[in-house]
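Participant: I'd like to ask you about the structure that follows.
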Amino acid sequence: MIEIKNLSRKFRNNIILDNVSFKIKYRQSISIVGESGSGKSTIANILLGFYKENTAEIYYQGRSLNEFNSNDWKNYRKNIQPVFQDAKNSLDPRMKVKDIIAEPLCNFTRLSKEDRYSKVNEILELVDLKSEDGEKYPYAFSTGQQKRINLARAIICNPKIVILDELTSGLDPEIKNNIMDLIKRLQEDYNITFIVITHDISVAMSLTSHIIILKEGMVVEDVIHSNDISNLKTSYAHELIEAVPKLKYIELIKMSV
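Quick note on numbering: full-length UniProt numbering labels position 241 of the sequence shown as 241, and the sequence is numbered without any gaps.
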């Protein structure tokens, strides 16, 4: 569905990405894992078309993004939606939640206002919020709930791909697990392909079978069936594993037995 070919990017003579290549297949969610500064969020921004000078290296359904016309871009943006890390500042505080979630429907469909709000109510329940929450403003919600609102907005137009940028960052363990369970359910029931951007390899292993590990802008691991720790070969990958809290690390070891 998406192929990245020899993607490189520099900023002020610093190498951000160095000859990165990998494929994202339909219904095979993928994690891009690395520490801060590894280049993982830059890949997400390029996929979203924020850096047009790099689009020649991105292929969607066999075509380079560099060849896209305005209609192609509109279709592409409908089918690849982001959920940004900063949940609070991704939501306009002046808008009711129902209008925030309905934004993609206004941009990409011709649904009536009544039908848009009906769809919003369905999506709110899907992400474990209540339909009456649509009448509230973002400040009324916790960080975990704000992340669910962002996710609802991302999936309301039935995209093929959703990019999750540090979705579970800053959440307590119970809420984090609930969010991950929701992502798994959406993968299974709605055929959404997720691109999970994370520094936490335990999140990557839990949500996806395909993991890309970046270090200083380079791919150091490209692994399928990543829930088996023995498939991770590099010392850097095991440094990331060792950074997982002790109890989670024990769980990961059990998964590999």
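Each residue gets a CB set at the ideal place from its N, CA and C atoms; glycine is no exception. Computed from a predicted structure; not experimentally measured.
Give me the DSSP bridge partner(s) of lysine 10.
Facilitator: Within the sequence shown, numbered from 1, the residue matching residue 10 stands at position 10. Bridge partners of lysine 10: Ile15.
Participant: With distances taken between CB atoms, is the gap from isoleucine 241 to leucine 207 smaller than 8 Å?
Facilitator: Residue 241 sits at position 241 when you count from the first residue of the sequence shown. Residue 207 sits at position 207 when you count from the first residue of the sequence shown. In this structure, leucine 207 does not lie closer than 8 Å to isoleucine 241 by Cβ.
Participant: May I ask you to list the residues that DSSP assigns as paired with serine 31?
Facilitator: Reading the sequence shown from its first residue, position 31 is the one you call residue 31. Serine 31 pairs with Val196, Ile211.
Participant: Between which residues of its own chain and alanine 237 is the CB-CB distance below 6 Å, once the five residues before and five after are set aside?
Facilitator: Within the sequence shown, the letter at position 237 stands for residue 237. Correct list, in chain order: Ile213, Glu221.
Participant: Find out if the Cβ-Cβ distance for the pair tyrosine 76, lysine 98 is shorter than 8 Å.
Facilitator: On the sequence shown, position 76 is the one that residue 76 refers to. On the sequence shown, position 98 is the one that residue 98 refers to. No, Cβ-Cβ distance for tyrosine 76 and lysine 98 is not below 8 Å.
Participant: Assuming valine 219 and isoleucine 192 make a contact with CB atoms under 8 Å, what is their CB distance in whole Å?
Facilitator: The count along the sequence shown starts at 1 and reaches residue 219 at position 219. The count along the sequence shown starts at 1 and reaches residue 192 at position 192. With a Cβ gap of about 24 Å, valine 219 and isoleucine 192 do not count as contacting.
Participant: Are the Cβ atoms of alanine 87 and threonine 143 separated by less than 8 Å?
Facilitator: Stepping through the sequence shown from its first residue, residue 87 is reached at position 87. Stepping through the sequence shown from its first residue, residue 143 is reached at position 143. Result yes, Cβ atoms of alanine 87 and threonine 143 sit closer than 8 Å.
Participant: Check tyrosine 60 in the structure and name its three-state DSSP category.
Facilitator: Here residue 60 refers to the residue found at position 60 when the sequence shown is read from its first residue. Correct three-state label for tyrosine 60: strand.
Participant: When the Cα of arginine 153 is compared with those of Pro104, Ser31, Asp72, which residue comes out closest?
Facilitator: As a position in the sequence shown, residue 153 is number 153, starting the count at 1. Closest by alpha carbon: Pro104.
Participant: What is the DSSP secondary structure of valine 219, reduced to helix, strand or coil?
Facilitator: On the sequence shown, position 219 is the one that residue 219 refers to. If DSSP states are grouped into helix, strand and coil, valine 219 belongs with the strands.
Participant: Which partner residues does phenylalanine 22 have in the DSSP bridge list?
Facilitator: Residue numbering aside, residue 22 sits at position 22 when the sequence shown is read from its first letter. Partner(s): Ile4.
Participant: If you draw a straight line from the C-alpha of isoleucine 24 to the C-alpha of tyrosine 60, how long is it?
Facilitator: In the sequence shown, residue 24 corresponds to position 24, counting from 1. In the sequence shown, residue 60 corresponds to position 60, counting from 1. Taking the straight line from one Cα to the other gives about 10 Å.
Participant: Please tell me whether glutamate 166 and glutamine 85 are closer than 8 Å, where the distance is taken between their beta carbons.
Facilitator: By 1-based counting over the sequence shown, the position of residue 166 is 166. By 1-based counting over the sequence shown, the position of residue 85 is 85. Cβ atoms of glutamate 166 and glutamine 85: closer than 8 Å.
Participant: Considering only the beta carbon of each residue, do asparagine 79 and proline 159 sit closer than 8 Å?
Facilitator: Indexing the sequence shown from 1 puts residue 79 at position 79. Indexing the sequence shown from 1 puts residue 159 at position 159. Closer than 8 Å, so yes.
Participant: What is the DSSP secondary structure of leucine 247, counted as helix, strand or coil?
Facilitator: Here the question's residue 247 lines up with position 247 in the sequence shown. Because leucine 247 carries a pLDDT of 39, less than 50, the predicted location of this residue cannot be relied on, and the following value inherits that uncertainty. Leucine 247 falls in the helix class under three-state DSSP.
Participant: Pull the bridge partners of leucine 164 from the DSSP assignment, please.
Facilitator: Against the sequence shown, residue 164 aligns to sequence position 164. DSSP, once it has assigned bridges, lists Val83, Val196 as partnering leucine 164.
Participant: Among the residues of its own chain, which have a CB less than 6 Å from the CB of leucine 151, if the five just before and after it don't count?
Facilitator: The residue given as residue 151 occupies position 151 in the sequence shown. Correct list, in chain order: Val83, Val127.
Participant: Please state whether DSSP places isoleucine 224 in a helix, a strand or coil.
Facilitator: Counting from one through the sequence shown, the residue named residue 224 turns up at place 224. Strand.
Participant: Going straight from the alpha carbon of alanine 102 to that of serine 112, what length do you get?
Facilitator: In the sequence shown, counting from the first residue as 1, residue 102 sits at position 102. In the sequence shown, counting from the first residue as 1, residue 112 sits at position 112. Roughly 11 Å between the two C-alpha positions.
Participant: Closest to alanine 56 by C-alpha separation, out of Ser209, Leu47, Asn66, Gly62, would be which residue?
Facilitator: Position 56 of the sequence shown, counting from 1, holds the residue named residue 56. Measuring from the Cα of alanine 56, the nearest candidate turns out to be Asn66.
Participant: Where glutamate 122 and aspartate 189 are concerned, what is the direct C-alpha to C-alpha distance, given to the nearest angstrom?
Facilitator: Taking the sequence shown and counting its residues from 1, the one referred to as residue 122 is at position 122. Taking the sequence shown and counting its residues from 1, the one referred to as residue 189 is at position 189. Between glutamate 122 and aspartate 189, the C-alpha separation is close to 15 Å.
Participant: When you compare only the Cα positions, how much space is there between arginine 9 and glutamate 216?
Facilitator: One-based indexing of the sequence shown puts residue 9 at position 9. One-based indexing of the sequence shown puts residue 216 at position 216. Going by the C-alpha atoms only, they are around 12 Å apart.
Participant: Does valine 120 come out as helix, strand or coil in the three-state DSSP assignment?
Facilitator: Taking the first residue of the sequence shown as position 1, residue 120 is located at position 120. It is helical.
Participant: Grab me the residues of glutamate 125's own chain with a C-beta within less than 8 Å of its C-beta, minus the 5 sequence neighbours each way, in chain order.
Facilitator: Numbered from 1 along the sequence shown, position 125 holds the residue referred to as residue 125. Ser131, listed in sequence order.
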